[in-house]
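One structure below.
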Amino acid sequence: MRIAVLYGSMSENTSKDEQDGLVQVDSVSKALSELNHDPVPVSFSLDVKETLKKIAEINPALVFNLVESIDGQGRLIHLAPSILDAMNMAYTGAGTDAIYTTSNKILAKQILRGAGIPTPVFVTPENAGQHKSPICNPGIIKSVWEHGSVGIGYDSVVFPKTRDQLLREMDRRKDQLGGACFTEAFIEGREFNLSLLAKNGNGIPQVLPPAEIRFENYPEDRHKIVDYKAKWESESFEYQHTVRAFDFPDQDRPLLDRIEKIARQCWNLFNLKGYARVDFRVDASGNPWVLEVNTNPCIAPDSGFVAAAHQADLSFKHVIERILHEPLVQIMDRLHAASDGLPWKIAVNE
Numbered sequence: 125m126r127i128a129v130l131y132g133s134m135s136e137n138t139s140k141d142e143q144d145g146l147v148q149v150d151s152v153s154k155a156l157s158e159l160n161h162d163p164v165p166v167s168f169s170l171d172v173k174e175t176l177k178k179i180a181e182i183n184p185a186l187v188f189n190l191v192e193s194i195d196g197q198g199r200l201i202h203l204a205p206s207i208l209d210a211m212n213m214a215y216t217g218a219g220t221d222a223i224y225t226t227s228n229k230i231l232a233k234q235i236l237r238g239a240g241i242p243t244p245v246f247v248t249p250e251n252a253g254q255h256k257s258p259i260c261n262p263g264i265i266k267s268v269w270e271h272g273s274v275g276i277g278y279d280s281v282v283f284p285k286t287r288d289q290l291l292r293e294m295d296r297r298k299d300q301l302g303g304a305c306f307t308e309a310f311i312e313g314r315e316f317n318l319s320l321l322a323k324n325g326n327g328i329p330q331v332l333p334p335a336e337i338r339f340e341n342y343p344e345d346r347h348k349i350v351d352y353k354a355k356w357e358s359e360s361f362e363y364q365h366t367v368r369a370f371d372f373p374d375q376d377r378p379l380l381d382r383i384e385k386i387a388r389q390c391w392n393l394f395n396l397k398g399y400a401r402v403d404f405r406v407d408a409s410g411n412p413w414v415l416e417v418n419t420n421p422c423i424a425p426d427s428g429f430v431a432a433a434h435q436a437d438l439s440f441k442h443v444i445e446r447i448l449h450e451p452l453v454q455i456m457d458r459l460h461a462a463s464d465g466l467p468w469k470i471a472v473n474e
């Protein structure tokens, strides 16, 4: 089966997080070939007409959607699935609405709060006037749209004394954060990632083994955050001293059960599909807080998602097979309807 492997066009000065997208294209294409499919990489650019032409020429049965940004702009991530929806094309992973609402961190946090799911309080330049004094002290300044810790560094944690001081800090940093930004209450404590992978046919995800990011030998004056260096700069102190761990003492079991339950709630709340990752901070009192809900998270071979899958004895090829299942079923359902009841069937291994 011919499958278009869709990825976002790169900006002129390609960053390390963007380059990781090409690693995903290569690894996913290899796995698809091993599954006896015919993968064809396709770049999705702002020239939508040209992108549509490329897809039409390839004439794929479905699209493996790996678009994380377009020309380096994370705020455009939802364009790819929206175009595929308009083409009535089956594709992997989350749908347009889920991708849009989770990629906009402010909107995602509002939805989480509305559902009673704990997420840290936040201040934006637009709503700061509602607060007489900063409610985010300490706070961490983040991009509204960009993911992968873009623009986050050791100095992203701030201690504003006044509302005006906080507003000045956000204004000063917005360019390095790719535009709109906000300040989130900084949760001092532990950090966890919960990866979820769709099970075939029942809509209930498998929660993969939880991972904790452990900050080893961090000086007392250094904030324990997974910043850009920790994710992408392999020679940095931050990268070398943030360790992903899957081993936990028995006393952590109630906490792990709780964050697993919340991760499932996030899956249902945002109508997620295929695969996802929910990032948490846990405060000193043991209370979990959702930082972000990541649709279609990175699945490069060295990613946290793939590491969690390996802990569940799932090979990379098996992960790709599971992600493919829903769009393949969608295709077969369409064929079944078009054939006026002919007994089309599909068998995809669990």
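Numbering (the working numbering), first residue to last: 125 to 474.
Each residue gets a CB set at the ideal place from its N, CA and C atoms; glycine is no exception.
Residue i to residue j span [Cα, whole Å]
i    : j    : result
M456 : L159 : 18 angstroms
L301 : A369 : 29 angstroms
K266 : G275 : 8 angstroms
T220 : P205 : 5 angstroms
L466 : Q454 : The predicted model places L466 with a pLDDT of 46, which falls under 50 and marks its position as unreliable, so this point remains unresolved.
E270 : I423 : 18 angstroms
P421 : R292 : 32 angstroms
H365 : K177 : 46 angstroms
S427 : Y278 : 22 angstroms
G303 : V268 : 8 angstroms
V472 : M125 : Its pLDDT being 43, under 50, V472 is placed unreliably by the model, and nothing is read from it.
I386 : E181 : 43 angstroms
K353 : R237 : 30 angstroms
V367 : P373 : 17 angstroms
T175 : F316 : 37 angstroms
I470 : N324 : The predicted model places I470 with a pLDDT of 42, which falls under 50 and marks its position as unreliable; any figure quoted below should be read in that light. If you take the alpha carbons of I470 and N324, they lie about 11 angstroms apart.
Beta-bridge pairing of residue i - partner residues as DSSP gives them
i    : result
T419 : A400
E336 : F316 and A369
H167 : Note on residue identity: the sequence assigns Ser, not His, to residue 167. According to DSSP, S167 bridges with Y131.
L321 : Q330 and Y399
Contact check, residue i vs residue j, beta carbons under 9 angstroms
i    : j    : result
F394 : E308 : no
V475 : F429 : Only positions 125 to 474 of the chain appear in this structure, which leaves residue 475 out of reach.
P262 : D295 : no
K397 : A128 : no
A408 : E312 : yes
A232 : E416 : yes
F168 : I447 : no
Residue interval of the beta strand (DSSP E) (run including residue i)
i    : result
V350 : From DSSP, V350 is part of no beta strand (DSSP E); its letter is neither H nor E.
Q375 : Careful: Q375 lies outside any beta strand (DSSP E) and carries neither H nor E.
E250 : Per DSSP, E250 belongs to no beta strand (DSSP E) and is neither H nor E.
G263 : G263 to S267
Run of the alpha helix (DSSP H) containing residue i, from where it starts to where it stops
i    : result
P205 : L203 to A210
A222 : T220 to S227
A432 : G428 to Q435
G145 : K140 to E158
F361 : F361 to Q364
A180 : V172 to I182
E293 : R287 to R297
Residue i beta carbon near the ligand NAP (any heavy atom closer than 8 angstroms)
i    : result
T248 : The ligand NAP is not part of this structure, which contains no ligands at all.
When you compare the segment 162-170 with the segment 145-153, are there three or more beta-carbon pairs, one atom per stretch, that lie closer than 8 angstroms? Segments in contact, yes.
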